[in-house]
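Before any comments, here is the structure.
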Amino acid sequence: MHITRRSLLVLATAVGLAGGSHFAYAADVLNVGSYPNNPPFEYKTANGGFEGFEVDVVNEAAKRAGMSTNIADYGFQALFAATSSKRIDVAISSITITQERLKSQSFTQPYYDSDMGVATKEGSSIKALADLKGAVVGVLSGSTGEKWVNDNKAAQGFADIKGYNSQQDMFLDLGAGRIDAVVSDIPGMQYLFVKTKGFAIKDRIKTGEQYGLMMTKDSPLLAKINDAITAMKKDGSLDKIHEKWFGGKAPAGSSTVTELPIPKA
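According to mature numbering (1 follows the signal peptide of the UniProt record, and there is no 0), the stretch in the sequence shown is residues -26 to -1, 1 to 239, in order.
So, in structure tokens, the structure goes:
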């Protein structure tokens, strides 16, 4: 067997991962963590590979930075600890850039704009956000949806809030009537409901969220990856990725096609 220098570096990475707190990463590999139950942004294929809008974004950005990617499966909340502890360089999962998160993480410039939505079973008497008074609301644990619902519980009169570690479990409970509604990102729910029938988005909560690649705080790779995203916006390749996954070009003036600064706390 011919062992190349690259093979040894990859082996060193594997040994580092197995060893727990000691990590040895190849300099030309971007280690990416992904919460894969989040189509169309990221999901796993039948053969175990990763696909989705953000998978294409991070792969193209890494390529332009002269790197390859190694993508691993993480729970959504685990992504934050993984970047903080430098187990991964980048996290993808339609992660909203917030001032609170910028205290402990770094983000590239945003590349996708979003709002929250209220979803219910089809035929539910809930028609709008105002109808959630006395309702049990499901949210993805650690998400900005969870924060919004907690911050607005008293004002909106929610009876209870139930957190979930996976989108699948959350919508199983919604379908079974164990919760009355879900508050989550609209794009992910729209994509899910194309294939998963019986649910509907009833209202939009205009939160003005923007997604970026989340990285280790003050990562030395931040500028390089951010420059790659800028180049992707300028030459239209990011808009082409958007069209591939969302069926149309991004709106003019959106963060998908507009060069923006690196967010600061």
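Cβ coordinates follow ideal geometry from the N, Cα and C atoms, glycine included.
For this session: Take the Cβ of E233 as the centre, count every other Cβ of all protein chains shown within 10 Å, and call the residue buried at 16 or more, exposed below.
Result: Burial call: exposed.
Problem set entry | Same chain only: Cβ atoms within 8 Å of I(-24), ignoring 5 sequence neighbours per side | With a pLDDT of only 41 at I(-24), under 50, the local geometry of the prediction cannot be trusted, and the value read off the model is given with reservation. Same-chain partners within the cutoff: there are none.
Exercise. So, helix, strand or coil for F132, using DSSP?
Worked result: The answer is coil: DSSP assigns F132 none of H, G, I, E or B.
For this session: Please report the Cβ distance between A224 and D213, rounded to the nearest whole angstrom; I am assuming they are in contact, meaning their Cβ atoms lie under 8 Å.
Result: Yes, they are in contact, since the Cβ atoms of A224 and D213 sit about 5 Å apart, within 8 Å.
For this session: Check the C-beta distance from V157 over to V123 and give it rounded, since I have them as a contact under 8 Å.
Result: Cβ atoms of V157 and V123 come within 8 Å of each other, at about 5 Å.
Exercise. What is the rounded straight-line gap between the Cα of M41 and the Cα of L196?
Worked result: Roughly 13 Å between the two C-alpha positions.
Exercise. Which first and last residues belong to the alpha helix (DSSP H) in which A215 is found?
Worked result: The sequence as given places Ile at residue 215; Ala does not occur at that position. Taken as a continuous stretch (DSSP letters only), the alpha helix (DSSP H) holding I215 covers S211 to F220.
For this session: Assign Q83 to buried or exposed, taking buried as 16 or more other Cβ atoms, counted over all protein chains shown, within 10 Å of its Cβ.
Result: Q83 is classed as buried because its beta carbon has at least 16 other beta carbons within 10 Å across all chains shown.
Exercise. Of the residues F50, D63 and G112, which one's Cα is nearest the Cα of S193?
Worked result: Nearest option by C-alpha distance: D63.
Problem set entry | Collapsed DSSP secondary structure at G186 in the structure displayed | Looking at G186 - three-state DSSP - the assignment turns out to be coil, as it is neither helix nor strand.
Exercise. When burial is assigned at 16 or more other CB atoms within 10 Å of the CB, is K207 buried or exposed?
Worked result: Per the 10 Å Cβ criterion, buried.
Exercise. Just to confirm, are A116 and F50 a CB contact at a threshold of 8 Å?
Worked result: Residue 116 is actually Gly in this sequence, not Ala. Yes, Cβ-Cβ distance for G116 and F50 is below 8 Å.
For this session: Compare the beta carbon distance of Q184 and D87 with 8 Å and say whether it is the shorter of the two.
Result: Result yes, Cβ atoms of Q184 and D87 sit closer than 8 Å.
Problem set entry | 8 Å Cβ cutoff met for N44 and N5 | Here N44 is near N5, since their CB atoms are less than 8 Å apart.
For this session: Check each candidate in A1, N21 and V31 and name the one with the smallest Cα separation from N200.
Result: Of A1, N21 and V31, the residue nearest in Cα terms is V31.
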